[in-house]
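*Asks:*
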Amino acid sequence: GAVVSQHPSWVICKSGTSVKIECRSLDFQATTMFWYRQFPKQSLMLMATSNEGSKATYEQGVEKDKFLINHASLTLSTLTVTSAHPEDSSFYICSASVAGGRTDTQYFGPGTRLTVL
Amino acid sequence: TQLLEQSPQFLSIQEGENLTVYCNSSSVFSSLQWYRQEPGEGPVLLVTVVTGGEVKKLKRLTFQFGDARKDSSLHITAAQPGDTGLYLCAGLPVYQFYFGTGTSLTVIP
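Chains as they are written, first to last, in the numbering used here: chain A, 1 to 117; chain B, 1 to 109.
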C-alpha cells in the first residue's frame, strides 16, 4: 500500500531556531502533498498545498515566510519552520495525493511533534 | 470557516456501550470519509461513502451518508478500549477536502 513517512518524528528546539520537517512518499509518486497542523484533541488544519516543481499554495492566515515549503521531487516535500517560537509548538502532519487533487485519496504521514522551548 | 461540524466534541463512555458521532454541514459533498487517529500518529482512513443514503458496516462500526449528502454518522456498537481515539470526518466537494471539527472518544475499561 501507499506509505508516507515523516522525519523527524519529534523535535525539540530553542526559540529562534529553524526546523525542517521532511515528508516522503515511499512507494509512489505524489504530485501533490499537503501540510496540516494539529493541536491536542483538535482536528487537522490545512496549512498549505504543495505541487512538485511549483510554489506552495497557503491557506488564509498561514504565513508563507514563516512556514517555508519546498516540493523538490515527486517523493519529497519539506516544511521549514523559520525562527520558531513556543506558539509554533504543535503536531505537524503531511499527506500525499496520488492523482494530484484534494478530492483524490490522501495518504497521511505519522506526524512530527515540534516543541519549541 | 469550518464546513463540517462534528458532535459531540468529546465523549467518554464505559466499555460495552453504544455511541453515535455526527458530522453535519450545510454543504453538499460528492463523498465523505471517516478517519480515526490515535495520539501521536497520523489519521487512518476507515471508510468512504459516496451515495446518498448509503450505509457501510465495518465490524462494529456502521457509517451512514445522509440522503442529501450533507451529513453523515458513525455508530459504534459495544465500544472497546481499543476504539479510543480522535474520529474525523472529511468531506469532498469538487476540488476541495475539508476535515470536520473532530470527536475525541475515550472508552473506559
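All C-beta atoms in this analysis are idealised placements derived from N, C-alpha and C, irrespective of residue type, glycine included.
For the stretch 21-52 of chain A, list every residue whose C-beta sits within 7 Å of some C-beta in chain B, in sequence order.
*Replies:* Flagged, chain order: 41, 42, 43, 44.
*Asks:* For a contact defined as C-beta to C-beta under 9 Å, what are the partners of residue 88 of chain B on chain A?
*Replies:* Position 88 of the second sequence, counted from the first residue, corresponds to residue 88 of chain B. By Cβ distance, chain A contributes 43, 44.
*Asks:* Is the number of C-beta pairs between the stretch 81-95 of chain B and the stretch 30-37 of chain B that are closer than 8 Å three or more?
*Replies:* Yes, they touch.
*Asks:* Just the Cα atoms here: how many angstroms apart are residue 81 of chain B and residue 57 of chain B?
*Replies:* As a working mapping, residue 81 of chain B is identified with position 81 in the second sequence. As a working mapping, residue 57 of chain B is identified with position 57 in the second sequence. Distance between the alpha carbons of residue 81 of chain B and residue 57 of chain B: 19 Å.
*Asks:* Could you spell out the range, first to last residue, of the beta strand (DSSP E) harbouring residue 63 of chain B?
*Replies:* The residue labelled residue 63 of chain B in the question sits at position 63 within the second sequence. Residue 63 of chain B -> beta strand (DSSP E) spans 61-65.
*Asks:* With 7 Å as the limit, tell me which residues of the stretch 55-85 of chain B have their beta carbon closer than that to any beta carbon of chain A; keep them in chain order.
*Replies:* none
*Asks:* What are the partner residues of residue 60 of chain A, as DSSP defines its beta bridges?
*Replies:* One-based indexing of the first sequence puts residue 60 of chain A at position 60. DSSP output for residue 60 of chain A lists no bridge partner at all.
*Asks:* Taking the runs of the beta strand (DSSP E) that are 3 residues or longer, which of them lie wholly in the stretch 16-50 of chain B?
*Replies:* 19-24, 31-37, 44-49
*Asks:* In chain B, which residues lie with their C-beta within 7 Å of the C-beta of residue 110 of chain A?
*Replies:* Locating residue 110 of chain A in the first sequence gives position 110, where the first residue counts as 1. Correct list: 41, 42.
*Asks:* Looking at C-alpha atoms only, which residue of B:61, B:97, B:66 is the closest neighbour of residue 54 of chain B?
*Replies:* The count along the second sequence starts at 1 and reaches residue 54 of chain B at position 54. Closest option to residue 54 of chain B, judged by alpha-carbon separation, among B:61, B:97, B:66: B:66.
*Asks:* Which value, in whole angstroms, describes the spacing of the CA atoms of residue 64 of chain B and residue 31 of chain B?
*Replies:* As a position in the second sequence, residue 64 of chain B is number 64, starting the count at 1. As a position in the second sequence, residue 31 of chain B is number 31, starting the count at 1. Residue 64 of chain B and residue 31 of chain B: Cα-Cα distance of roughly 11 Å.
*Asks:* Given residue 128 of chain B, which residues of its chain have a CB within under 8 Å of its CB, disregarding the five upstream and five downstream residues?
*Replies:* One cannot answer for residue 128 of chain B here, as it falls past the ends of chain B, which runs 1 to 109.
*Asks:* If you check the beta carbons only, do residue 27 of chain B and residue 59 of chain B fall under 8 Å apart?
*Replies:* For the purposes of this step, residue 27 of chain B is identified with residue 27 of the second sequence, where counting begins at 1. For the purposes of this step, residue 59 of chain B is identified with residue 59 of the second sequence, where counting begins at 1. Contact flag unset, no.
*Asks:* Give the residues of chain A in contact with residue 101 of chain B, contact being defined as C-beta atoms less than 7 Å apart.
*Replies:* Translated into positions along the second sequence, residue 101 of chain B becomes position 101. Residues of chain A passing the Cβ test: 43.
*Asks:* Would residue 69 of chain A pass as an interface residue toward chain B - the criterion being a Cβ-Cβ separation below 8 Å?
*Replies:* Mapped onto the first sequence, residue 69 of chain A falls at position 69. Not an interface residue.
*Asks:* For residue 85 of chain A, count the other beta carbons within 10 Å of its own beta carbon; 16 or more makes it buried, fewer makes it exposed. Which is it?
*Replies:* The sequence position of residue 85 of chain A within the first sequence is 85, counting from 1. Label assigned to residue 85 of chain A: exposed.
*Asks:* Do residue 24 of chain A and residue 92 of chain A have their C-beta atoms closer together than 8 Å?
*Replies:* The sequence position of residue 24 of chain A within the first sequence is 24, counting from 1. The sequence position of residue 92 of chain A within the first sequence is 92, counting from 1. Their beta carbons are not under 8 Å apart, which means residue 24 of chain A does not touch residue 92 of chain A by this criterion.
*Asks:* Using only the alpha-carbon positions, how far apart do residue 4 of chain A and residue 74 of chain A sit?
*Replies:* Taking the first residue of the first sequence as position 1, residue 4 of chain A is located at position 4. Taking the first residue of the first sequence as position 1, residue 74 of chain A is located at position 74. Taking the straight line from one Cα to the other gives about 12 Å.
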